[in-house]
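Let me begin by presenting the structure, written as structure tokens, before commenting on it.
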Amino acid sequence: MRQAIANLEESKIREVANAGMGRADVLAFWFGESDEVTPDFIREAGIESIRRGETFYSHNLGLPELREAIAAYATALHGNIGSERIAVTSSGVSALMLAMQALLDAGDEVVAITPVWPNLTAQPLILGAKLKRVSLRPQGGAWQLDMAELLAAVTPTTKLLILNAPNNPTGWTLTREEQQTILDHCRNTGTWILADEVYERLYFEDTPNRCAPSFLDVASPDDRLVVVHSFSKSFLMTGWRLGWMVMPASLTRQVGKLIEFNTSCASVFTQRAGLVAVQRTEEVTPRVVAHLKACRDMLVPLLQAVPGVQVAPARGGMYAFFKLDGFDDSLDVAKRLVLEAGLGLAPGNAFAPEAQGWLRWCFASKDLGRLRQGVERLQGWLASR
Ligand SMILES: Cc1ncc(COP(=O)(O)O)c(C=O)c1O
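So in our numbering the end of the sequence shown lands on 501, straight run, no missing numbers.
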């Protein structure tokens with residue numbers, strides 16, 4: 117067994133979920149997914165594909181028509197992006213791993229902005245890279261980037277900068293100007309940027325393209341930039357395991373080789389479902405985002421009214437990330453909330469040591485009443501102590 121693997125921490129979110137799974141009385145908000153099933157027309161496309169007998173391998177990089185459709189979708193949001201820059205992957209998390217496999221040698225230095233979804237910091241360690249964290253800092257419940265600190269951390273020895281905005285768990289987002297500054301700096305240091313933009317469409321600010329600022333808006337096609345996307349969030353397709361990458365065309369063939377040795381290709385019926393999802397995104401995504409915004413706008417004020425809670429409304433994503441004053445051990449409090457209050461949240465220290473004392477609440481709930489009920493349970497639990 118490699119020491120790097122033995123050293124990997126088990127998921128603290130799972131640890132909490134395992135304590136409560138199977139208990140009917142628990143209101144679970146611990147995982148990052150909506151409780152709404154994939155829309156019918158997307159499911160039908162997958163079923164129809166199986167019926168037609170599409171049970172074979174596809175091209176490593178994905179069905180040509182899906183790569184074209186993704187290129188058209190990305191072009192509509194970010195300007196001209198050709199299909200030669202697209203690889204279809206068996207999930208967003210697989211896209212992230214492929215990007216790191218393509219770019220990282222053992223011993224390479226990686227800088228990651230944290231708190232962040234733990235997979236993004238575990239994957240470089242699996243590959244034997246060295247991880248340096250740059251921490252966002254909380255101010256009045258919102259987490260902010262100290263740009264000077266980030267720029268000082270990324271030097272010519274930094275092979276890869278990993279960032280995720282809109283961010284899971286904090287809801288932190290980047291402005292276009294900040295993206296430009298980071299890109300300019302990384303051009304100077306020769307550092308690759310891996311931008312996890314799976315939440316780009318789950319953005320609550322008013323923008324012309326209803327999308328968070330993306331590195332694709334500021335970069336040139338040949339910049340050292342890989343952007344990772346997923347079908348999970350904007351199309352309600354977590355269980356299908358489908359994602360994609362946008363990268364310089366010169367990298368795409370290399371990633372195709374890696375896909376061969378990882379999964380060979382995404383399953384074809386899944387790709388067929390993904391194809392109609394991107395083609396008919398207007399039938400899904402705006403509705404999902406409007407509902408998430410309603411969820412956020414109901415949950416956050418209720419949480420803000422709870423004494424001892426610090427939280428700010430996220431500009432993007434599907435999470436309320438809050439500090440509970442007087443509780444220093446997130447994992448302990450998350451487990452107690454499950455067992456004593458029937459409320460399932462993710463512990464903040466699953467995302468970074470500096471988020472100790474914080475809790476993450478996924479507000480992607482079809483039924484707004486569940487969110488209200490969850491806050492009542494939190495209040496009741498706090499009052500009973
Ligand atoms: C920040 C971030 N990136 C990537 C993913 C991966 O999504 P998937 O593997 O379901 O496509 C997630 C899922 O929660 C996420 O939160």
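Positions of the beta carbon are idealized from the N, C-alpha and C atoms, including for glycine.
If we call anything under 8 Å between Cβ atoms a contact, is residue i one with residue j?
i       : j       : result
Pro-231 : Leu-252 : yes
Arg-292 : Val-334 : yes
Ser-127 : Ala-466 : yes
Cys-478 : Gly-148 : yes
Val-227 : Thr-274 : yes
Tyr-319 : Pro-282 : yes
Val-343 : Leu-332 : yes
Arg-431 : Thr-289 : yes
Met-263 : Pro-240 : no
Leu-220 : Asn-280 : no
Ala-190 : Val-362 : yes
Asp-441 : Gly-424 : yes
Val-416 : Val-427 : yes
Gly-244 : Ala-421 : no
Ile-202 : Phe-385 : no
Just grab the DSSP bridge partners of residue i for me.
i       : result
Glu-225 : Lys-246 and Thr-274
His-345 : Trp-360
Pro-463 : Leu-475
Leu-440 : Val-425
Thr-230 : Ser-251
Leu-143 : Leu-459
Trp-308 : Leu-276
Tyr-319 : Gly-432
Is there at least one non-hydrogen atom of ligand 1 closer than 7 Å to the beta-carbon of residue i?
i       : result
Gly-359 : yes
Gly-148 : yes
Val-209 : yes
Asp-312 : yes
Asn-280 : yes
Trp-233 : yes
Ser-380 : no
Thr-237 : no
Thr-401 : no
Asn-284 : yes
Thr-386 : no
Thr-354 : yes
Can you look up residue i in the DSSP assignment and give me helix, strand or coil?
i       : result
Val-314 : coil
Ala-190 : helix
Asn-280 : strand
Cys-478 : strand
Val-454 : helix
Gly-485 : helix
Pro-285 : coil
Gln-260 : strand
Val-204 : strand
Pro-180 : helix
Ser-165 : helix
Ser-199 : helix
Arg-118 : coil
Arg-159 : helix
Val-334 : helix
Asn-235 : helix
Thr-291 : coil
Pro-240 : helix
Thr-171 : coil
Any beta carbon of chain C sitting closer than 8 Å to that of residue i?
i       : result
Ala-211 : You won't find chain C in this structure, because it holds only one protein chain.
Under the criterion of a Cβ to heavy atom distance below 7 Å, does residue i qualify as lining ligand 2?
i       : result
Ser-346 : Ligand 2 is absent from the structure shown, which contains only ligand 1.
Counting only runs that start and end within the stretch 357-438, where is the beta strand (DSSP E) found for 3 or more residues in a row? 359-362
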